[in-house]
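Going by the numbering used here, the sequence shown runs without a break in its numbering and finishes at 154.
Heads up, the beta-carbon is just placed ideally off N, CA and C, and yes, glycines get one too.
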Amino acid sequence: MEEIETGMNNSLQIIDKEEEEEKVYLDDTLVAEADQAFVLEREPWVLDKSPLVLMKIEDYGIDDHQNFKFFSVWIQLFNISLCNMTALIVRFVSKKIGTCLEVESDNEGRCWGHFARSRIRYNLHKPLKRRIKVRPD
Numbered sequence: 018m019e020e021i022e023t024g025m026n027n028s029l030q031i032i033d034k035e036e037e038e039e040k041v042y043l044d045d046t047l048v049a050e051a052d053q054a055f056v057l058e059r060e061p062w063v064l065d066k067s068p069l070v071l072m073k074i075e076d077y078g079i080d081d082h083q084n085f086k087f088f089s090v091w092i093q094l095f096n097i098s099l100c101n102m103t104a105l106i107v108r109f110v111s112k113k114i115g116t117c118l119e120v121e122s123d124n125e126g127r128c129w130g131h132f133a134r135s136r137i138r139y140n141l142h143k144p145l146k147r148r149i150k151v152r153p154d
């Protein structure tokens, strides 16, 4: 990409055709796919203490099958015994709350600390639960 100064604190960007195919237009701004993924992966976003739900819209329009009822949030899991603080157990407990997207663990799958962290996809129409009890069946 080449940038040319126009004088009045403006610059003109010249983009190759190959480079243009890797970009996405978002609100009349040329945004790289990586930047868009950076924003979408770092949910939850909050505006005035209310969750802001972001979603990638395909084909520059909203279809009926695309709905804004899910958001991602990091949760903390407490009172798990030390021998059960593994990524496998944390993923199991997280699935009881919502769809588990990611578990924070070390290279060996351990989630040691005061609590375990997990990122889940949660339905906006369901009230948030302050605490739940999970018992093995």
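DSSP on residue i, reduced to helix/strand/coil?
i, result
"residue 67", "strand"
"residue 120", "strand"
Alpha carbon to alpha carbon, how far is residue j from residue i? Give it in angstroms, no decimals.
i, j, result
"residue 111", "residue 117", "6 Å"
"residue 134", "residue 64", "23 Å"
"residue 120", "residue 73", "23 Å"
"residue 59", "residue 152", "31 Å"
"residue 57", "residue 100", "34 Å"
"residue 113", "residue 149", "9 Å"
"residue 130", "residue 137", "19 Å"
For the stretch 46–60 against the stretch 98–108, do three or more pairs of beta-carbon atoms, one drawn from each stretch, fall closer than 8 Å, so that the two count as touching? no
With three or more C-beta pairs closer than 8 Å as the rule, is the stretch 137–144 touching the stretch 84–99? Note that the stretch 84–99 touches the stretch 137–144; at least 3 beta-carbon pairs, one per stretch, sit closer than 8 Å.
Counting Cβ pairs closer than 8 Å, one from the stretch 65–73 and one from the stretch 91–102, do we hit at least three? no
Let me know the alpha helix (DSSP H) ranges lying completely inside the stretch 83–138, each 4 residues or longer, listed in chain order. Assignment of alpha helix (DSSP H) within the stretch 83–138, counting only whole runs of 4 or more residues, yields 104–114 in chain order.
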